[in-house]
Amino acid sequence: MGNIIKINMYVEMKKDTSNKLKLKALEENIGKYNSWLKKNNREDKIESYEKFLRAE
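Mapping of the sequence shown onto the numbering used here: residues 3 to 58, in sequence order.
Here it is as structure tokens:
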């Protein structure tokens, strides 16, 4: 899945809590997601990223 989609989903999830996007936090989030994919043997799909964001 493209990183632009991930960024948009992350921003939508965090929209209520702050107005500024912290790039470092986003990079860490995508890194954690990639580790989570490997650990849980999942495909990189929008549904998987939504589950990851909800679980975080």
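Idealized CB from N, CA, C, for every residue including glycine.
Keep in mind the model is a prediction, meaning the values are calculated, not measured.
Around the C-beta of K8, are 16 or more other C-beta atoms found within 10 angstroms, so that it is buried, or is it exposed? buried
Using 6 Å as the cut-off, classify the Cβ of M11 as near or not near the heavy atoms of the ligand FAD, replying yes or no. By its list of ligands, the structure shown contains no ligand whatsoever, and the ligand FAD lies outside what it can speak to.
Under the three-state DSSP convention, the category R56 falls into: helix
Which word fits N43, buried or exposed, when buried means at least 16 other C-beta atoms lie within 10 angstroms of its C-beta? exposed
Kindly list the residues whose CB is nearer than 7 Å to the CB of M15, restricted to its own chain and excluding five residues on each side of it in sequence; keep chain order. L55
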